[in-house]
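Residue numbers (my numbering), protein chains in the order written: chain A, 18 to 180; chain B, 18 to 180.
We put the beta carbon where it would ideally sit given N, CA and C, even for glycine.
Have a look at the structure below before the remarks.
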DNA sequence: TTTGCAAATGTTATAATGTTGCAAATTTCA
DNA sequence: TGAAATTTGCAACATTATAACATTTGCAAA
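Following this line, the structure appears as structure tokens:
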């Protein structure tokens with residue numbers, strides 16, 4: 018049984034989702050932002066998937082819902098959720114994941130398993146600081162930092178070893 | 018006069034380009050890879066621009082050249098150049114820049130100015146190591162690391178100060 | 001209550017980015 | 001040379017994202 022904190026560890030994910038939605042409501046209230054039904058549903062869909070979800074994946078599920086949504090609907094909801102710090106966009110995948118540190122100030126770092134597709138968000142203060150130092154050394158004023166690491170997660174790494 | 022190593026420092030860029038192409042030829046020879054005219058031309062175009070160039074930007078210039086190229090031509094050339102370590106793809110911009118460390122083993126880190134659009138590639142050993150440590154702590158095997166920092170470069174930062 | 005405004009959503013179309021598949025040409029090397 | 005592998009040309013298509021404008025909704029001030 019894996020001891021890692023990776024999200025693909027077996028767990029009752031419904032609880033994660035419920036918690037994330039509850040947190041989101043709180044955060045939006047604090048921001049005086051409106052977590053409308055569409056926005057909340059999009060957030061829920063993203064959370065229900067451990068793997069990053071593309072905008073059109075979201076769109077497809079909304080269609081199954083009977084919600085006859087067009088792309089702008091989804092992109093707007095995603096923009097909103099990003100602004101509220103509730104989801105992150107993974108640039109190297111054109112896809113979105115729920116933020117596991119919503120509400121807290123943090124610099125995300127993403128471990129993306131190429132094998133199983135799962136993504137783990139970390140906060141790595143050492144990395145943030147090193148990045149900061151590198152930027153300062155160039156007199157560069159960082160605004161948004163994207164750190165995405167593609168590779169193999171522990172579970173998949175073990176598997177290939179056995180092969 | 019700026020003392021930074023940033024690429025927007027005034028210089029004769031033709032020399033950079035020529036040097037990059039010469040290096041590329043050497044590297045490809047070492048790799049037994051064929052730097053065909055199209056591939057070389059694409060590399061040249063990317064180098065001539067200090068700002069990241071999208072695939073369709075490249076395509077447009079090729080069209081001006083009279084080269085009636087289709088998207089796959091460009092994407093294939095870009096794939097090749099990436100494999101040879103001659104260009105980098107900036108995921109957050111869907112665009113490409115010439116690699117300023119071609120041939121050397123390195124972990125790139127990109128400073129992207131939102132104001133002027135220029136991009137500086139750095140090697141920051143501290144960052145690489147911190148990233149490595151973070152990955153190891155999760156038993157994750159990194160394969161490809163993407164670090165992109167959007168913000169304001171020194172030149173543009175000064176400008177806004179004056180405003 | 002209604003009026004008015006800003007925010008949010010709907011709708012259509014289109015832009016921008018990237019890929020597949022196959023045939024023709026070119027290069028490599030035995 | 002001639003077979004095999006690589007590269008290119010080409011057409012069609014797939015995916016991702018945005019523009020523009022109309023409409024509706026939520027909310028607060030008159």
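Residue i, buried or exposed, once every other Cβ within 10 Å from all chains shown has been counted against 16
i             : result
residue 49/A  : exposed
residue 101/A : buried
residue 56/A  : buried
residue 121/B : exposed
residue 111/B : exposed
residue 169/A : buried
residue 22/A  : Summary for residue 22/A: the model assigns pLDDT 44, below 50, so the residue's position carries little reliability, and this model does not support an answer.
residue 19/B  : Legend: pLDDT at residue 19/B = 37, less than 50; position of this residue unreliable, no value from coordinates given.
residue 161/B : exposed
residue 167/B : buried
residue 163/B : buried
residue 154/A : exposed
residue 35/A  : exposed
residue 54/A  : exposed
residue 150/B : exposed
residue 69/B  : buried
residue 135/A : buried
residue 89/A  : exposed
Short CB-CB distance (under 8 Å) between residue i and chain B
i             : result
residue 138/A : no
residue 160/A : yes
residue 166/A : yes
residue 171/A : yes
residue 90/A  : no
Where residue i sits in the DSSP three-state scheme
i             : result
residue 81/B  : helix
residue 116/A : coil
residue 58/B  : helix
residue 185/B : Outside the displayed span of chain B (18 to 180) sits residue 185/B, for which this structure offers no information.
residue 143/B : helix
residue 48/B  : coil
residue 105/B : strand
residue 69/A  : coil
residue 27/B  : coil
residue 110/A : coil
Integer-rounded CB distance, given that residue j should sit under 8 Å from residue i
i             : j             : result
residue 83/B  : residue 105/B : Between residue 105/B and residue 83/B the Cβ distance is about 28 Å, and since that is not below 8 Å, they are no contact.
residue 103/A : residue 41/A  : 5 Å
CB contact below 8 Å: residue i versus chain A
i             : result
residue 104/B : no
residue 179/B : For residue 179/B, the predicted model reports a pLDDT of 48, less than 50, meaning its position is unreliable and no value from the coordinates is stated.
residue 150/B : yes
residue 131/B : yes
residue 143/B : yes
residue 174/B : yes
residue 81/B  : no
residue 53/B  : no
residue 126/B : yes
residue 147/B : yes
Quiz item: What are the residues of the segment 105 to 122 of chain A that lie near chain B, defined by any Cβ-Cβ distance shorter than 7 Å?
Solution: 108, 109
Self-check item: Residues from the segment 55 to 78 of chain B in contact with chain A, defined by Cβ distance under 9 Å
Solution: So the list is empty, because no residue satisfies the distance condition.
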